[in-house]
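Residue numbers (the UniProt record's numbering): 1 to 452.
All C-beta atoms in this analysis are idealised placements derived from N, C-alpha and C, irrespective of residue type, glycine included.
These figures come from a predicted structure and were not determined experimentally.
Structure, as structure tokens:
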Amino acid sequence: MLDATRAGFWSAAAKVGQPSRNLSTPSPPPDPGSPLRLPPPSLSAATLVGDLARPEGTMHTGGTPNSSSLPWRFPFLVLHPHVLTLNCAAFVQLRRMGPVQRNSSVSASSPLAPALLPVVRPDPPNNPLRSQLPSSVSTPLLGLNFPFKMLTKYAVLAAAAAAAVTAAPVVEKRAAPGQADIDTVILNYALTLEHLENAFYRDTLATYDAGAFRAAGYPDWVRQRFVEIGGHEKAHVDFLSKALGDQATKECTYNFGITDVKTFVATSALLEGIGNSAYLGAAQNITNVAYLTAAGSILTVEARHASWVASSVQQGDGFAAGFDTPLNFNQTYSLAAPLITSCPDSNPALPVKAFPAATISGDVCGGKQVTISGDGVQSGQFAAFLTGLNVYYAPIGDNGSVTVPSEVAYGRVYVVVTKSGDSVSDDNTVAGPAVVDIPLSAEKAEQIYSQQ
1 MLDATRAGFW SAAAKVGQPS RNLSTPSPPP DPGSPLRLPP PSLSAATLVG
51 DLARPEGTMH TGGTPNSSSL PWRFPFLVLH PHVLTLNCAA FVQLRRMGPV
101 QRNSSVSASS PLAPALLPVV RPDPPNNPLR SQLPSSVSTP LLGLNFPFKM
151 LTKYAVLAAA AAAAVTAAPV VEKRAAPGQA DIDTVILNYA LTLEHLENAF
201 YRDTLATYDA GAFRAAGYPD WVRQRFVEIG GHEKAHVDFL SKALGDQATK
251 ECTYNFGITD VKTFVATSAL LEGIGNSAYL GAAQNITNVA YLTAAGSILT
301 VEARHASWVA SSVQQGDGFA AGFDTPLNFN QTYSLAAPLI TSCPDSNPAL
351 PVKAFPAATI SGDVCGGKQV TISGDGVQSG QFAAFLTGLN VYYAPIGDNG
401 SVTVPSEVAY GRVYVVVTKS GDSVSDDNTV AGPAVVDIPL SAEKAEQIYS
451 QQ
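Spelled out as structure tokens, the structure:
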């Protein structure tokens, strides 16, 4: 079991619940064209090793891959969730991840309601973004940096390992800001994450030049595009910093633990996906329509970054599900906080709440049994599988055993341990989220969608 104290952003909603539901190697393709004042935690690491293969081939340094695996490690600072990239062989049934498939309707109080119901908000005066909104924003979103240890088959991500923060201090949960301050808090939340990702690309790309990428099996255009993504992150930082003025949070000190180009690529894929979920989840709390437009402009580019890394670089599926999955502030920051080692004392402190880590072992595929562990996890609780706009629940049995709901198919899935079998909220969360990526091969995708 991996124990960890997890930190997350304050959520504007008192309860962040979600509605219940029952329910040989190919060649690289051509180029398609507020932080917290958090003291460094005490660290320990544990590793879970699986024999998991990517579904559509992998780039490598040369030669022909054989049946023997070529493991490589990700010695990150910490890993809160257990990140898995799995080949789900026993596919049971694909269901579209959308509101039409839900057995329970979305109420106006649901955190998903703003995505499904029209919301009209006045545009407050003295809007600092009004004069700064560009006609277009050509940058990624916030890609959260995400700590983990991982093992792979061949050269690119396939099996995951985990490292944990032990005895990490619980950051004080401060009183929620007033309505007038909510947007400032959210913008600093976004800026905190943008600072992190900007530093990730800037510092790592300064370490690994074009020769290092070539030695790792990547053509020159791969690094060149990563440089472009890094430039987008810098543009986001500049944009948000100018909008916030004197209230803008400053860059912190980070420990990304990148050891080679391949860990950089795999980490980028994870961060972009988490960042996509973070912006999506934060949108419902933004009261200023200009801020909402700006966040949406960043979000769409961030999603394209995630798709490019997954498809063009990793030769996988850049859009394995029809809907992306939102995360709330606490869930998002729980995945990012371990990378922050220290922050300037002048930075505005954001109110937070700590969640323990959740770790999953086994092949996460509909109908299969896996094991979930973490501080406070026990039988009688529930594993909530957040996938797209749906949440599917499964009871946790003895020794953390869980049967994955048959509706869980492909793409990015977040797993939260909760005391409730019909809702997920900050109040009833026990641990998590854990992060699982379930690949979908092109051949399988054609088989599934040609039958619709």
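Asked, Found
"Cβ-Cβ separation, T184 to L244 (assumed contact under 8 angstroms), whole Å", "7 angstroms"
"Cα-Cα separation, F319 to A394", "26 angstroms"
"According to DSSP, residues forming a beta bridge with I360", "I372"
"Secondary structure of V436, DSSP reduced to three states", "strand"
"Residue from V391, V261, Y414 whose Cα sits closest to the Cα of L335", "Y414"
"Nearest candidate by alpha-carbon position, reference W221, set T249, I396, A210", "A210"
"Check whether T387 and G374 have beta carbons under 8 angstroms apart", "no"
"Contained beta strand (DSSP E) runs [length at least 3] in the segment 248-324, N- to C-terminal order", "none"
"Between the CA atoms of A215 and Q369 - distance to the nearest angstrom", "39 angstroms"
"Cβ-Cβ separation, Q381 to V416 (assumed contact under 8 angstroms), whole Å", "The pair is not a contact, with the Cβ atoms about 10 angstroms apart (cut-off 8 angstroms)."
"Pair within 8 angstroms by beta-carbon distance, P326 and L280", "yes"
"Stretch-stretch touch, CB-based, cutoff 8 angstroms, three pairs: the segment 394-405 with the segment 295-311", "no"
"Beta-ladder partner(s) of I340, from DSSP", "Y254"
"DSSP-derived helix/strand/coil call for V424", "coil"
"Close-in-space but distant-in-sequence residues of the same chain around Q451 (CB under 7 angstroms, 5 per side omitted)", "none"
"Minimum C-alpha distance to N428 - residue among D398, N255, G376, S406", "G376"
"Proximity below 8 angstroms, CB of H236 to CB of E194", "yes"
"Simplified DSSP state of A442, which is helix, strand or coil", "helix"
"Residue ranges of each beta strand (DSSP E) within the segment 217-244, 3 or longer", "none"
"Cβ distance (whole Å) where F264 is taken to contact Y208 below 8 angstroms", "7 angstroms"
"Residue 480 in three-state terms, based on DSSP", "As shown, the chain starts at 1 and ends at 452. That puts residue 480 outside it, with no answer to give."
"Alpha carbon of P338 to alpha carbon of F256, nearest angstrom", "9 angstroms"
"Cβ neighbours of G366 in the same chain (closer than 6 angstroms, five flanking residues each side left out)", "V92, V404, S406, V408"
"Buried versus exposed, by CB contacts within 10 Å (16 or more), P439", "buried"
"Identity of the residue in L389, V435, Y189, N276 nearest T249 by Cα", "Y189"
"C-beta contact flag for A321 and Y410 at 8 angstroms", "yes"
"N-terminal and C-terminal residue of the beta strand (DSSP E) that L386 is part of", "382-387"
"Proximity of A282 and I182 at Cβ, strictly below 8 angstroms", "no"
"Cβ-Cβ distance between I229 and Y254 below 8 angstroms", "no"
"G400 burial status per 10 Å Cβ neighbour count (16 or more: buried)", "buried"
"Coil, strand or helix - S406 by DSSP", "coil"
"Inter-residue spacing [alpha-carbon to alpha-carbon] between S379 and T371", "11 angstroms"
"V377 in three-state terms, based on DSSP", "coil"
"Within-8 angstroms CB hit, P405 to chain B", "As a matter of chain content, chain B is missing from the structure shown, which is built from one protein chain."
"Simplified DSSP state of S401, which is helix, strand or coil", "strand"
"G432 versus A357, A383, D426, D422, residue with shortest Cα-Cα distance", "A357"
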